[in-house]
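Residue numbers (our numbering): 2 to 142.
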């Protein structure tokens, strides 16, 4: 099984790389990494789901907005994400993400960590030589 994401050394914040066979899968694996930060690598049950749609001009801005939305769900709705399904479309210079996230009520967990925000520092999404995709993200904790 291919590696979905990995954490990297970073002073003060959390940095990770996510991988996938396409950009949508990279976004899905970024959601797994964010879930892992919230839960300290613990298991999050899937008792509920939420949908949202995001649009941006480039992948990095869309990824930033995507992670921001996962944090918003946690902070405002007390919904901690376990995984996401992401479908991307491109039309007229706009990239749109149709997102379905699965997760649970944060009050069911006593030991969750918060994420303050994603950052653009060191963020990228690129296609690798082996035709796979990779994203790097730093989140402020």
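The beta-carbon is built from N, C-alpha and C at its ideal position, and this holds for glycine as well.
Where residue 56 falls, given that 16 or more other Cβ within 10 Å makes a residue buried:
exposed
Locate the beta strand (DSSP E) running through residue 73, then write down its first and last residues.
Careful: residue 73 lies outside any beta strand (DSSP E), inside the alpha helix (DSSP H) at 60 to 78.
Using DSSP with H/G/I as helix, E/B as strand and the rest coil, what is residue 10?
Residue 10 falls in the coil class under three-state DSSP.
Alpha-carbon spacing of residue 65 relative to residue 111, whole angstroms:
27 Å
Is DSSP giving residue 33 helix, strand or coil here?
helix
Report yes if the C-beta distance between residue 137 and residue 41 is below 9 Å; otherwise report no.
no
Starting from residue 141, follow the beta strand (DSSP E) in both directions and report where the run begins and ends.
134 to 141
Are three or more beta carbon pairs between the segment 67 to 75 and the segment 10 to 26 nearer than 8 Å?
No, they do not touch.
Classification of residue 132 by the beta-carbon crowding that lies within 10 angstroms, buried from 16 upward
exposed
Neighbour-count burial assignment, residue 115, 16 or more Cβ in a 10 Å radius:
exposed
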